[in-house]
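S.K.: One structure is given below, represented as structure tokens, and several questions about it will come after.
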Amino acid sequence: MNAHKDRPTSPATPVSVIGLGPMGRAIAHTLLTAGHPVTVWNRTAGRADGVVGAGATHAPTPREAVEASELLLLSLTDYQAMYDILDEVTEALAGRTLVNLSSDTPDRTREAAAWAARHGAAFLTGGVMAPAPMVGTNAAHIYYSGPGELLEKHRDVLTLLGTPKHLGEEPGLAQLMYQAQLAVFLTTLSGLMHATAMLGTAGLKAREALPELLSSADSIGDMLRAGEEHPGAALDAGEHPGHLSTVTMMGATSDHIVDTSTALGLDLALPTAVQGHYRRAIENGHGSDNWTRIIDSIRAPH
């Protein structure tokens, strides 16, 4: 169900969607359902068939996609793909708004905002915090950075995709938040697969192991919130009280995981990386501090 169906929108506002992977197609379908004229373009034209069947207009060229709408939504592999597609039509970008929802680094995002400005286009960075099937639902939210007034100008359209969360004017902020979220997500996925492989050596099938492991993953947030009224406040204050858990205790656990994984013949990349965090903290004399002390060796040196 579209979470924003009761929100007043501007059905006549045309939108162009460039890039029709699963996310781009979900974006186009959501906008079409809300009554917006949608023009689409994709390097592989056949990917447009479904959204064209739902009412979108297929632009034969990037130029026609750009010229069809003031608001352009990009859902691409990376920012280089934006240049590959639009570098030949930069004169058509003047006066338009580019909302790039693609993943890349904050530095490349800042460069893209400057590139757009040189060609007379406004630019918003977006990070979609939902898989394609969740676009347009209550579960979806999207981080944005760039001019606040630009977000407000297009808020009705962008809210259809997911709740907008504006982080600030600096173009790289939304991309930095997106990559930080993915750092948690991808590390968790690798942890789940490593744990599944561990249990698999004892004959447990993934369908038996994963429900137990996912239950543990689900509980991590609650455990961390229970240990601190305002998670992150102690970190900001440079405090690492070790009354609940210590670096030494957690480090011993990481040693056991490495030893077990070694005995089982599993890949050691993930467990040894984690072990390294605790060993460095202990070497620096912080064994009695809370496990959060491992952030010291993760942070860039000043």
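Here the sequence shown stands for residues 11 to 312, where the numbers follow the working numbering. For glycine and all other residues, C-beta sits at the position ideal for the given N, C-alpha and C.
Would you give the residue range spanned by the beta strand (DSSP E) that Trp301 belongs to?
M.R.: For Trp301, no beta strand (DSSP E) segment is defined, and its DSSP state is neither H nor E.
S.K.: Contact between the region 34 to 42 and the region 165 to 179 is defined here as three or more beta-carbon pairs at a separation below 8 Å; is this criterion met?
M.R.: yes
S.K.: Is Gly31 helix, strand or coil when you go by DSSP?
M.R.: coil
S.K.: Which stretch, first to last residue, makes up the alpha helix (DSSP H) that contains Ala124?
M.R.: Start and end: Pro116 to Arg128.
S.K.: Is it buried or exposed for Ser226, if we count other Cβ within 10 angstroms and need 16 for buried?
M.R.: Result: exposed.
S.K.: Quick one, which of Pro143, Thr107 and Met233 has its alpha-carbon nearest Glu80's?
M.R.: Nearest option by C-alpha distance: Thr107.
S.K.: What residue does the alpha helix (DSSP H) around Thr206 start on, and which one ends it?
M.R.: Gly182 to Gly210
S.K.: Roughly how many angstroms lie between the CA atoms of Glu101 and Ala244, to the nearest whole one?
M.R.: 51 Å
S.K.: Cα separation between Ile95 and Ile28?
M.R.: 9 Å
S.K.: So, for Val76: in the same chain, excluding its five sequence neighbours on each side, which residues have a beta-carbon less than 6 Å away from its beta-carbon?
M.R.: Here the set comprises Val99 and Ala102.
S.K.: For Ser307, which option in Ser298, Ala291 and Phe195 has the closest C-alpha, if you only look at C-alpha atoms?
M.R.: The option with the nearest alpha carbon to Ser307 is Ala291.
S.K.: Which of helix, strand or coil does DSSP assign to His46?
M.R.: coil
S.K.: Return the residue from the list Gly137, Ala69 and Gly201 that minimises the CA-CA distance to Ser264.
M.R.: Residue nearest to Ser264 within the set Gly137, Ala69 and Gly201 is Gly201 (criterion: CA-CA distance).
S.K.: Hey, could you find the ends of the alpha helix (DSSP H) Lys215 is sitting in?
M.R.: Looking at the DSSP string, Lys215 is not in any alpha helix (DSSP H), and its letter there is neither H nor E.
S.K.: In the structure shown, what three-state DSSP assignment does Val76 receive?
M.R.: helix
S.K.: If you measure from the CB of Ser298, is any heavy atom of the ligand GDP nearer than 6 Å?
M.R.: No copy of the ligand GDP appears in this structure; indeed no ligand is present at all.
S.K.: Check whether the region 178 to 196 touches the region 114 to 133, taking contact to mean three or more Cβ pairs, one atom from each stretch, closer than 8 Å.
M.R.: yes
S.K.: Out of curiosity, what's the CA-to-CA distance linking Gln90 and Ser26?
M.R.: Gln90 and Ser26 have their C-alpha atoms some 19 Å from each other.
S.K.: To the nearest whole angstrom, what separates the beta carbons of Leu86 and Met92, a pair I think is in contact under 8 Å?
M.R.: Yes, they are in contact, since the Cβ atoms of Leu86 and Met92 sit about 6 Å apart, within 8 Å.
S.K.: Quick one: give me the first and last residue of the alpha helix (DSSP H) that Leu245 is part of.
M.R.: Ala243 to Asp246
S.K.: Just how far apart, CA to CA, sit Leu160 and Ala124?
M.R.: 16 Å
S.K.: How many Å lie between Tyr288 and Thr258 at the Cα?
M.R.: 7 Å
S.K.: Taking DSSP's pairing of strands, which residues face Asn110 in a bridge?
M.R.: Leu84 and Thr135
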